[in-house]
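Visitor: The sequence shown begins at 382 in my numbering and counts up one residue at a time.
Heads up, the beta-carbon is just placed ideally off N, CA and C, and yes, glycines get one too.
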Amino acid sequence: ARRLDAHACDSYLMGLYYQQNKRTGLDLLRSLEYFQTAIREDPNYAEAYAALAHSYLLAAGWEMMKPSEAYPKAKAAAERALLLDPNLAGAHMALAVTEQEYYWEWAAAETEFRRAIELAPNASMPHKSYAEFLMDTGRNDEAIVEVERAVTLDPFALGVRLFSAFVYLFAGKYDQATQACNAIIQVDPKFAPAYYVLGAVYEVQEQYADAIAHYQVAERLSDGSPKMSAALAGAYALSGRRRDAERVLSTMEEMAKRKYVSPYSLATVYAALGDKRRALDLLEKAVREHSSNLMYLGYSPCLCFKSLRDDPHFLKILDEVGFPVESPRTMA
382 ARRLDAHACD SYLMGLYYQQ NKRTGLDLLR SLEYFQTAIR EDPNYAEAYA ALAHSYLLAA
442 GWEMMKPSEA YPKAKAAAER ALLLDPNLAG AHMALAVTEQ EYYWEWAAAE TEFRRAIELA
502 PNASMPHKSY AEFLMDTGRN DEAIVEVERA VTLDPFALGV RLFSAFVYLF AGKYDQATQA
562 CNAIIQVDPK FAPAYYVLGA VYEVQEQYAD AIAHYQVAER LSDGSPKMSA ALAGAYALSG
622 RRRDAERVLS TMEEMAKRKY VSPYSLATVY AALGDKRRAL DLLEKAVREH SSNLMYLGYS
682 PCLCFKSLRD DPHFLKILDE VGFPVESPRT MA
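(1) What does a CB cutoff of less than 8 angstroms around ASN468 pick up in its chain, not counting 5 residues either side in sequence?
(2) Do GLY471 and MET506 have their C-beta atoms within less than 8 angstroms of each other?
(3) Between which two residues does the alpha helix (DSSP H) carrying SER606 extend?
(4) Where does ALA637 sit, in a helix, a strand or coil, going by DSSP?
(5) For the segment 682-695 and the segment 478-495, state whether three or more C-beta atom pairs, one from each stretch, are separated by less than 8 angstroms.
(6) Using a 10 Å radius around the Cβ and a threshold of 16 neighbouring Cβ atoms, would you call ASP423 buried or exposed?
(7) Ignore the nearest five residues each way along the sequence and tell me which others in VAL668's own chain have a CB closer than 8 angstroms to its CB.
(8) Does the structure place the segment 648-664 close enough to the segment 614-624 that three or more beta carbon pairs sit under 8 angstroms?
(9) Assign HIS473 to buried or exposed, taking buried as 16 or more other Cβ atoms, counted over all protein chains shown, within 10 Å of its Cβ.
(10) Classify HIS388 as helix, strand or coil using the three-state DSSP reduction.
(11) Less than 8 angstroms between the CB atoms is what I'm expecting for ARG461 and TYR430, so what's the real figure, rounded?
(12) Cβ of GLN481 within 8 angstroms of Cβ of ALA475?
(13) Between which two residues does the alpha helix (DSSP H) harbouring ALA694 extend?
(14) Are the CB atoms of SER412 and TYR426 nearer to each other than 8 angstroms?
(15) Would a check of beta-carbon distances place SER610 closer than 8 angstroms to chain C?
(16) Which residues in the same chain have their Cβ closer than 8 angstroms to the Cβ of HIS508, if we skip the five residues on either side of it in sequence?
As structure tokens, then:
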């Protein structure tokens, strides 16, 4: 076995800590720095390249980097890892996510997910990532099996537990989604994404006061993440608090002049406010930049886009993203 550089190993472990259990913008950026340090200290550290790829994917998913910046870097890191170790499950997993979310090569992505699980059947993350793919394609029963396997394999990974809540939400199992979020909050009361998902659980049940309260906490704990702000503004709009929604939207549009704000997030707010044309224009912009959040467009229970489901322009966008399996058009 190859002898690891001790300093590189320490940097890698610190990167994993910030990547897997913190999940604010600054923490994810710290994880990138630690993995890059590990690679400088040991240029042949395949696991560090795979972990670096995963952090870039998370940065794209949580809208901290532009897709055009994050995904090519993720793919390059994953491919470098595979050159060093062709049997590294984490690298196959990262490549799979990149193929799905940015290049929309769905069949190639599923092949890579299955390869990752084949190589590491008792590792949590490949099961979790494959569960997300299954959820995005409407295969909720399969997604639940995979994500529950992931939680069983690593019950203390907050990111994995968080994603189980997402899967339960998409499957309409709201009590289980709520329990998963509350279990995370008991362990770490400052874990912003748990409040975000819990807000979504309340929102789809039209319990807007509870949704707003949880989105407000998520926004505060995430240092004003545009993704959290968009969720809050959407809930304001859906609940009839139009002025509050427009206030948050205005703040987001000012922020977009200084840093990256996903057009997908802005589209959710305009759709909730009833401005279909502006929402569709922003979704078209999200398609042009290959926003990772487009993965949710087919099967998300989010109420923001309910009014667009039968619009020919919206259906055209779904076709461009190329969702496999059953057509998302069948959703209400």
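Guide: This is what the structure gives:
(1) Excluding residues within five positions, the ones whose Cβ falls inside 8 angstroms are LEU500.
(2) When the beta-carbon positions are compared, GLY471 and MET506 come within less than 8 angstroms of each other.
(3) SER606 -> no alpha helix (DSSP H), and no H or E assigned at all.
(4) coil
(5) no
(6) buried
(7) LEU675, ILE698, GLU701 and VAL702
(8) Contact between the segment 614-624 and the segment 648-664 is present, because at least three Cβ pairs lie under 8 angstroms.
(9) buried
(10) helix
(11) That belief holds up - the Cβ atoms of ARG461 and TYR430 are roughly 5 angstroms apart, short of 8 angstroms.
(12) Their beta carbons are not under 8 angstroms apart, which means GLN481 does not touch ALA475 by this criterion.
(13) A quick correction: the sequence has His, not Ala, at residue 694. Per DSSP, HIS694 belongs to the alpha helix (DSSP H) from 693-702.
(14) Cβ distance not < 8 angstroms, so SER412 and TYR426 don't count as in contact.
(15) This model lacks chain C altogether; it includes just one protein chain.
(16) ILE498, GLU527, VAL528, ARG530, ALA531 and LEU534
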